[in-house]
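J.: Protein chains in written order, with my numbering: chain A, 1 to 180; chain B, 1001 to 1076. Each residue gets a CB set at the ideal place from its N, CA and C atoms; glycine is no exception.
Written as C-alpha cells, this is what we have:
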C-alpha cells in the first residue's frame, strides 16, 4: 500500500500515529490522518488555503473524540494515592501508546503499532484510487486530503466539511497543479 | 492538571465524602477493566490457555472466556 506514497505522504502517516499516541488513543482514525497531513508541508499548505490548521483541528478532535482515557477521574484516583499518569506511563511503556484507552482492547499487542480503524484503511485505499484517477505516479499528502474527503463519513471528513473544504474543489485544485 | 495540584486537591477533600469515594471507585474499576483486557489479550497472544488465564485471575476459565473471548474473535 505505501510503496506508492511520497516521502511526505509517508511522513503524514507516521505523524498520524504520533498524533494518536499524543492523545492516548488506541487507534489511528481518519482524524489522526488529517492531523498527520496538517503536519506535512504540502498538506498543510493546501489546507491552509481553506483556513484549516493543525491547532484548531486538534481541538476539534479532542472535542469530538475526547482523549483516550478522559473517562478516568484522575483527581478521584489521587484520593486513593493512585497517580494515574504514572500508571499510564508504565502501561504504555510495556504495551505502547494508547494502551489504556477505551478502544485499545484486543489489538495486536505484540506488534506495538497502533492499528488503523477500518475507516482510516478505507481512506488509504481511496487515496490510492484518487491518485490513480488523477494520473499521479506518486501519492502525495494532497491525495490523502482527497482520500479523507472521499471517505465522507469519518471524523476527518466531518471536520473538513464543517470548515468548508469540498472534495470537487480540492480535486480540481490538485488536478490544475498537476497539469501546470 | 499538574500532579502536585492533583495531590493538593485530593488532600483537601474530605475522604468520607461519598461523591469523592464513589468517583474513585468508579475510576478504579474502569482502570482495572482496561488492565484486565490488556493483560488477558497479552496472555492470549503469548499462547496462554483460558484455563491458565482464569487460574491467574482467580476465576473460572468459562468466566474469563465469556468476558474476553468474543472481543478477540470480533477483532481477530
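So with Cβ pairs under 8 Å, would you call residue 1030 of chain B a contact of chain A?
T.: By this cut-off, residue 1030 of chain B is an interface position.
J.: According to DSSP, is residue 114 of chain A helix, strand or coil?
T.: Coil at residue 114 of chain A, not helix or strand.
J.: Using the Cα positions of residue 126 of chain A and residue 148 of chain A, report the straight-line distance between them to the nearest angstrom.
T.: Approximately 8 Å, taken between the alpha carbons.
J.: Residues in the region 51-77 of chain A with C-beta within 9 Å of chain B's C-beta atoms, listed in sequence order?
T.: Those residues of the region 51-77 of chain A that come within reach of chain B (Cβ to Cβ, closer than 9 Å) are 69, 71, 72, 73, 74, 75, 76, 77.
J.: Since residue 8 of chain A contacts residue 42 of chain A with CB under 8 Å, what's their CB separation in whole angstroms?
T.: Yes, they are in contact, since the Cβ atoms of residue 8 of chain A and residue 42 of chain A sit about 6 Å apart, within 8 Å.
J.: Ordered along the chain, which non-local residues of its own chain (more than five positions away) have a Cβ less than 6 Å from that of residue 117 of chain A?
T.: Hits under 6 Å: 27, 29.
J.: Taking the DSSP output, what are the residues bridged to residue 28 of chain A?
T.: A/116, per the DSSP bridge assignment.
J.: Helix or strand or just coil, what does DSSP make of residue 139 of chain A?
T.: Three-state DSSP puts residue 139 of chain A in a strand.
J.: Compute the distance between the beta-carbons of residue 156 of chain A and residue 34 of chain A, then report whether it is under 8 Å.
T.: The answer is yes: Cβ separation under 8 Å.
J.: Does the beta-carbon of residue 5 of chain A have 16 or more other beta-carbons within 10 angstroms, so that it is buried, or is it exposed?
T.: Residue 5 of chain A is buried by the Cβ-count criterion.
J.: How about residue 69 of chain A and residue 24 of chain A: do their beta carbons lie closer than 8 Å?
T.: Cβ atoms of residue 69 of chain A and residue 24 of chain A: closer than 8 Å.
J.: By Cβ distance, which residues of its chain are closer than 6 Å to residue 92 of chain A, with the 5 residues on each side in sequence left out?
T.: Closer than 6 Å at Cβ, skipping near neighbours: 99.
J.: Tell me which same chain residues have a C-beta within less than 6 Å of the C-beta of residue 106 of chain A, skipping the five on either side of it?
T.: Unreliable positioning characterises residue 106 of chain A in this predicted model, as indicated by a pLDDT of 46, which lies under 50. The coordinate reading is nonetheless provided below. Answer for residue 106 of chain A: no residue qualifies.
J.: Residues of the region 1031-1044 of chain B in Cβ contact with chain A at a cutoff of 8 Å, in chain order, please.
T.: Going along the region 1031-1044 of chain B in chain order, one finds 1031, 1034, 1035, 1037, 1038, 1041, 1042 with a Cβ nearer than 8 Å to chain A.
J.: Can you give the Cα-Cα distance for residue 77 of chain A and residue 1016 of chain B, rounded to whole angstroms?
T.: Rounded to the nearest angstrom, the two C-alpha atoms are 14 Å apart.
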